[in-house]
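Beneath this line is the structure, given in structure tokens, with notes to follow.
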Amino acid sequence: SPGAHVPALIIGSGYGGAVAALRLTQAGIDTHIVEMGQNWTTPGADGKIFCSMLKPDGRSSWFRNRTDQPVGWFIGSDVNKDIDSYAGVLDSEDFGAMRVYQGRGVGGGSLVNGGMAVIPKRPYFEQILPSVDAGEMYGTYFPRASAGLGVNNMDSAWFDSTEWYQFARVGRDDAQAAGYATTFVPNVYDFGYMQREAAGSATKSALASEVIYGNNYGKKSLDKTYLAEAARTGKLTISALHTVTGVTAGPGSGYTVTMTQINTSGATVATKSVTADRVFFAAGSVGTSKLLVAMKATGKLPNLSDTVGAGWGNNGNVMVGRANSKLTGGNQSAIPAMGIDNWDDPAGPVFAEIAPFPAGTELWISLYLAITKNPNRANFTFDSGSGKVGLDWSAGQAQPSIDAAKRVFDKINSKTLTSYRTDLFGVYKTWGDDFCYHPLGGCLLGSATDNYGRLNGYPGLYVVDGSLIPGSVGVNPFVTITALAERNMAKVIATDLH
Ligand code: FAD
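With my numbering as the guide, the letters of the sequence shown map in order to residues 1342 to 1839.
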């Protein structure tokens, strides 16, 4: 309500926001989350909350008239589908040379992602975040994050025998033929549930091509873990379909937060403002960076660090497909379970997820999302003409990622006598290098904030999401985002709130 006051307000409900919500509410603090996306709890006319990847409707996408699939092409045709514009769950935010995929809804990226729950290699973590005590992270906060997220492991005997992971076994064998190591990847999708799907005793989700537009069953997204636990304290309220548009200092030592409420068609229903003693930015790398850059440029938070908006990277993401000569399987689980681990190769570190292509029919395609050590970074900048925040990533900045991935997949192709698919990311376009799933940075720890995410210049303002991490983490990022948020919230609660 207008003039309302809350002790703690969290902007966004992804990993950083969910950790902040749990730890604040457990500390007895009334906490309010403001989330621009929907609370995904109501089934549509088909009885399902989310739509599948193969039959997308308006629920798939954040206000688009046509889907924007990551793999959007097939043999010369654009395979996207027309849909009704709606407050759907997956956004692809277009910054010219880079489209950034993000989840929209209570649970943020956890609603749409592949659930791969990977702890980074310790030497690389120490390199990217040298000011963070790695002993504490690996001893306390990574285990705490993995437990809180509900991470589990694939049963290797089932993996070896099920038709649903034929694609991953082929990917493993091809990699090993070229001398590369592979590794199982833990996940927050319940592999026990998946086995029951395969046995016909549970409703199919991962085995019904559900991922990126949401999973109706099986996945422990944040609404089922951290956020559910926070709600059980009785101290959490969530306003969904509310977008924060401004944060400014005052009255007193607190902050005023302005927001716009929309309906699922995108029409504005109300504009509101509330005051908060403390504000936690958890809108994701893009959302937090955009807000902070705009607040600094428009004089609403003029004392923010000059480095706000800097240090953004795509975690070296690049996708590629191979035309395989082996059967990869008409039935593919939509949840990845294995990766090629060439990270320790100084000539070109690559950690590549062996990705499914769950089209429901045999396509002889091996698909990969490669994470590389791309040193290039970009900045979020304010355009006073449009009043919008852009990202100055340019097309050529993806080249180091392509070079590293090409080294690995050229060798795999040469050992297995296969070739690249050139039709999946455009017409004669081999590399999916103009979009990413892993936006990181824009408000770096120890630069725009102190060593615990406190924003320089504004006591009571905190950053708790992926924007703290300097552009790269070497593996899929959500466990690191969660663990870093756990570490920072432990400090903030112990020292600022008592
Ligand atoms: P987010 O999870 O993005 O949460 C930010 C939230 O803030 C969102 O809910 C957003 O709607 C909300 N928000 C933004 N701006 C505002 C505003 N102004 N007002 C109110 N709310 C706002 N990572 C992995 O580790 N493993 C994987 O397998 C994996 N697969 C992925 C697959 C896909 C398709 C995608 C898109 C991502 C994947 N990721 C994966 C990445 C992972 O989901 C992200 O790194 C993670 O969600 C980022 O967490 P976060 O807390 O920084 O922000």
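Glycine included, every Cβ here is placed at the ideal spot set by N, Cα and C.
Bear in mind that the values here come from a model prediction, so they are computed numbers and not experimental data.
Under DSSP, ASN1557 forms no beta bridge with any residue. Not a single heavy atom of ligand 1 lies less than 7 Å from the C-beta of THR1503.
The alpha carbon of ALA1651 has as its nearest neighbour, out of SER1735, VAL1615, GLY1782, the alpha carbon of GLY1782. ARG1537 has no beta-bridge partner at all, per DSSP. Taking C-alpha positions only, LEU1470 is separated from ILE1753 by approximately 33 Å.
Per DSSP, the unbroken alpha helix (DSSP H) holding GLY1358 starts and ends at 1356-1367.
In this structure, GLY1456 keeps its C-beta atom at 8 Å or more from the C-beta atom of SER1354.
The beta carbon of LYS1756 lies closer than 7 Å to those of ALA1518, ALA1519 in the same chain, with the five residues before and after it left out. Note on geometry: alpha-carbon atoms of SER1646 and LEU1796 lie some 8 Å from one another.
If you check the C-beta of TYR1356 against ligand 1, you find a heavy atom less than 7 Å away. Comparing alpha carbon positions, the residue from GLU1477, VAL1430, PHE1692 closest to ARG1828 is GLU1477. Exclusion of GLN1602 from the 7 Å shell around ligand 1 follows from its C-beta lying no nearer than that to any non-hydrogen atom of the ligand. In the three-state reduction of the DSSP assignment, ASN1493 falls in the strand class, which pools E and B.
With a contact defined as Cβ atoms closer than 8 Å, ASP1618 and GLY1357 miss out at about 19 Å. In chain order, ALA1349, ILE1351, ALA1362, LEU1365, THR1366, LYS1576, LEU1577 place their CB closer than 7 Å to the CB of THR1372, counting only its own chain and leaving out the 5 sequence neighbours on each side. Taking a contact as a CB-CB distance under 8 Å, the pair ALA1675 and SER1562 does not count as one, their CB atoms being some 14 Å apart. Of the candidates PHE1500, ASP1419, HIS1346, the residue whose Cα lies closest to the Cα of PHE1766 is ASP1419. Secondary structure at THR1821: helix, using DSSP grouped into helix, strand and coil. Just so you know, the alpha carbons of PHE1508 and GLY1399 end up roughly 30 Å apart. Closer than 7 Å to some heavy atom of ligand 1: that describes the Cβ of HIS1779. In its chain, beyond the 5 residues on either side, ALA1664, ASN1665, SER1666, LYS1667, LEU1668, THR1669 have a beta carbon closer than 8 Å to the beta carbon of TRP1705. Taking the Cβ atoms as the reference, TYR1554 lies roughly 7 Å from VAL1453, within the contact range of under 8 Å.
Per DSSP, the unbroken alpha helix (DSSP H) holding GLY1628 starts and ends at 1625-1638. In the displayed model, LYS1770 falls within coil according to three-state DSSP, outside both helix and strand.
Unbroken beta strand (DSSP E) stretches of 3 residues or longer found wholly inside the segment 1428-1464: 1431-1435, 1440-1444, given in chain order. For ligand 1, no non-hydrogen atom lies closer than 7 Å to the CB of ILE1390. Burial is judged here by how many other beta carbons sit within 10 angstroms of a residue's own beta carbon; ARG1573 has fewer than 16 and is exposed.
Annotation for LEU1732: no alpha helix (DSSP H) segment contains it, though the beta strand (DSSP E) segment containing it runs 1729-1732. In the structure shown, the three-state DSSP call for SER1614 is strand. If you look at GLN1517, you'll find it in the alpha helix (DSSP H) that goes 1507-1518. By the C-beta density criterion, SER1630 is buried, having at least 16 other C-beta atoms within 10 angstroms.
If you keep only unbroken alpha helix (DSSP H) runs of at least 4 residues inside the segment 1691-1759, you get 1740-1757.
With contact defined as three or more Cβ pairs closer than 8 Å, the segment 1735-1746 and the segment 1688-1695 are in contact.
Membership of TYR1803 in any alpha helix (DSSP H) is not indicated; the residue belongs instead to the beta strand (DSSP E) covering 1802-1804. In the DSSP assignment, LEU1577 falls within the beta strand (DSSP E) that extends over 1577-1581.
Using a Cβ distance threshold of 8 Å, TYR1482 and ALA1835 do not count as a contacting pair.
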